[in-house]
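In the working numbering, the protein residues as written are 2 to 378.
No residue lacks a Cβ here, since even glycine has one placed at the ideal position from N, Cα and C.
Keep in mind that this is a model prediction, so the values were computed, not measured.
The structure under discussion appears below in the form of structure tokens.
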């Protein structure tokens, strides 16, 4: 076996990488990660330094880990401020740390790439390589965020597991949007119809576009909306117009743009991504406020898309208890954490166990407000 740590994903063959990605997950695709690097959306300036790991057997790529060296917790969506403070209290450095995650993207997916029949061989090699990198750069820890397949295996390797909650929509083989509404309790169904009619009666129309049909002007409009959203919240708009245009070109069938027009002007937009089974809502912005337009562009259009294209799950992004009334139900997410300092392992494990209990209680409490007539998975 030959193990390589690369500072740019383009050092790894794109097709070989994508062949290891299940369900055509857009965020794990070589094209997406490469676009982040090419357009300076990651790097030292944002604290996301690529350190991807590749495993070769006779020059054939058999495994890889999406990996970044980090000096902050920006764009992770799994918050470890308390851990950082504890390290500082004892005069220790929490940074750098290693993170296996998709930058600025709280979407579930694989972080260790391998064929199913090679997982038992590849996963131990990847974890060992990552732990050795931690030793080499004096990193405090390794964090695998929003991981699907890896978490149960990592738990068996004595990593601490954290739980959190998101709100996801599940397709119950609906034939149309009205079928979905019919599955809801009357009050919720009536409210959604009211919200959608308000948007339509305001004169707003929605255009559903993908990378093939969106024009440069469409991307310019959306890029402006995206920047405005972050600037209004005193945030940092890490993505840029060149990034959006590149992914539209390199992964056109997985990039979806929902633009809202009013009076001949584009006033708002949402960006989503599709895999073979899932839809992922990512970004939203507007330059004119219309009641309920956010729900229309970010939720209802996505649900319609899932039904039309037979996608099974819609992940609209992190947080947002208001999503429950619109058909999204609480769903547990997981992350795995390896702490290098033995003195911190037990306290952090205890923290994770207590947090998991609170998350479970929260999910149970939210489920008492299930919007469906009958309990829906």
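If you draw a straight line from the alpha carbon of residue i to that of residue j, how long is it in whole angstroms?
{"i": "residue 354", "j": "residue 165", "result": "12 Å"}
{"i": "residue 276", "j": "residue 90", "result": "43 Å"}
{"i": "residue 326", "j": "residue 372", "result": "6 Å"}
{"i": "residue 364", "j": "residue 357", "result": "11 Å"}
{"i": "residue 270", "j": "residue 158", "result": "43 Å"}
{"i": "residue 285", "j": "residue 138", "result": "37 Å"}
{"i": "residue 198", "j": "residue 301", "result": "12 Å"}
{"i": "residue 181", "j": "residue 295", "result": "19 Å"}
{"i": "residue 230", "j": "residue 236", "result": "8 Å"}
{"i": "residue 118", "j": "residue 128", "result": "18 Å"}
{"i": "residue 176", "j": "residue 369", "result": "27 Å"}
{"i": "residue 233", "j": "residue 334", "result": "29 Å"}
{"i": "residue 380", "j": "residue 61", "result": "Because the chain spans 2 through 378 in this model, residue 380 falls outside it and cannot be assessed."}
{"i": "residue 347", "j": "residue 6", "result": "30 Å"}
{"i": "residue 121", "j": "residue 149", "result": "16 Å"}
{"i": "residue 206", "j": "residue 200", "result": "8 Å"}
{"i": "residue 352", "j": "residue 145", "result": "17 Å"}
{"i": "residue 245", "j": "residue 219", "result": "10 Å"}
{"i": "residue 359", "j": "residue 126", "result": "34 Å"}
{"i": "residue 339", "j": "residue 113", "result": "15 Å"}
If you measure between the beta carbons of residue i and residue j, is that distance less than 8 Å?
{"i": "residue 1", "j": "residue 79", "result": "What the structure shows of the chain is the stretch from 2 to 378, and residue 1 is not part of that stretch, so it cannot be assessed."}
{"i": "residue 287", "j": "residue 268", "result": "yes"}
{"i": "residue 47", "j": "residue 108", "result": "no"}
{"i": "residue 226", "j": "residue 258", "result": "no"}
{"i": "residue 374", "j": "residue 184", "result": "yes"}
{"i": "residue 264", "j": "residue 318", "result": "no"}
{"i": "residue 249", "j": "residue 215", "result": "yes"}
{"i": "residue 111", "j": "residue 23", "result": "yes"}
{"i": "residue 39", "j": "residue 173", "result": "no"}
Compute the beta-carbon to beta-carbon distance between residue i and residue j, rounded to the nearest angstrom, for a pair I have assumed lies under 8 Å.
{"i": "residue 135", "j": "residue 341", "result": "6 Å"}
{"i": "residue 71", "j": "residue 100", "result": "5 Å"}
{"i": "residue 178", "j": "residue 332", "result": "With a Cβ gap of about 21 Å, residue 178 and residue 332 do not count as contacting."}
{"i": "residue 15", "j": "residue 64", "result": "16 Å between Cβ atoms; not a contact."}
{"i": "residue 221", "j": "residue 242", "result": "6 Å"}
{"i": "residue 152", "j": "residue 28", "result": "Residue 152 to residue 28, Cβ: 17 Å. No contact."}
{"i": "residue 212", "j": "residue 253", "result": "3 Å"}
{"i": "residue 171", "j": "residue 313", "result": "7 Å"}
{"i": "residue 239", "j": "residue 76", "result": "7 Å"}
Hey, out of the options, whose CA is closest to residue i's CA?
{"i": "residue 204", "options": "266, 362, 58 and 54", "result": "266"}
{"i": "residue 337", "options": "96, 194 and 156", "result": "156"}
{"i": "residue 37", "options": "104, 111 and 272", "result": "104"}
{"i": "residue 34", "options": "23, 13, 46 and 24", "result": "13"}
{"i": "residue 4", "options": "121, 27 and 130", "result": "130"}
{"i": "residue 73", "options": "26, 121 and 142", "result": "142"}
{"i": "residue 196", "options": "118, 220, 293 and 173", "result": "293"}
{"i": "residue 315", "options": "144, 322 and 330", "result": "330"}
{"i": "residue 26", "options": "361, 2 and 279", "result": "279"}
{"i": "residue 87", "options": "359, 349 and 361", "result": "349"}
{"i": "residue 124", "options": "251, 67 and 246", "result": "67"}
{"i": "residue 55", "options": "18, 49, 186 and 85", "result": "18"}
{"i": "residue 95", "options": "345, 297 and 40", "result": "345"}
{"i": "residue 102", "options": "69, 200 and 253", "result": "69"}
{"i": "residue 98", "options": "50, 120 and 57", "result": "50"}
{"i": "residue 1", "options": "8, 140, 126 and 122", "result": "Lying outside 2 to 378, the shown extent of the chain, residue 1 is not represented and no answer is given."}
{"i": "residue 210", "options": "187, 359 and 306", "result": "306"}
{"i": "residue 291", "options": "85, 202, 188 and 359", "result": "202"}
{"i": "residue 189", "options": "8, 343 and 324", "result": "324"}
What do you get for residue i, buried or exposed, if any count of 16 or more other CB atoms within 10 angstroms of its CB means buried?
{"i": "residue 217", "result": "exposed"}
{"i": "residue 32", "result": "buried"}
{"i": "residue 20", "result": "exposed"}
{"i": "residue 44", "result": "exposed"}
{"i": "residue 322", "result": "exposed"}
{"i": "residue 161", "result": "buried"}
{"i": "residue 53", "result": "buried"}
{"i": "residue 328", "result": "buried"}
{"i": "residue 1", "result": "What the structure shows of the chain is the stretch from 2 to 378, and residue 1 is not part of that stretch, so it cannot be assessed."}
{"i": "residue 1", "result": "This structure cannot settle anything about residue 1, because the visible part of the chain is limited to 2 through 378."}
{"i": "residue 297", "result": "buried"}
{"i": "residue 361", "result": "exposed"}
{"i": "residue 187", "result": "exposed"}
{"i": "residue 30", "result": "buried"}
Taking 7 Å as the line, does the beta carbon of residue i fall inside it for any heavy atom of the ligand MG?
{"i": "residue 364", "result": "Inclusion of the ligand MG in the displayed structure is not the case, the ligand content being empty and no account of it being possible."}
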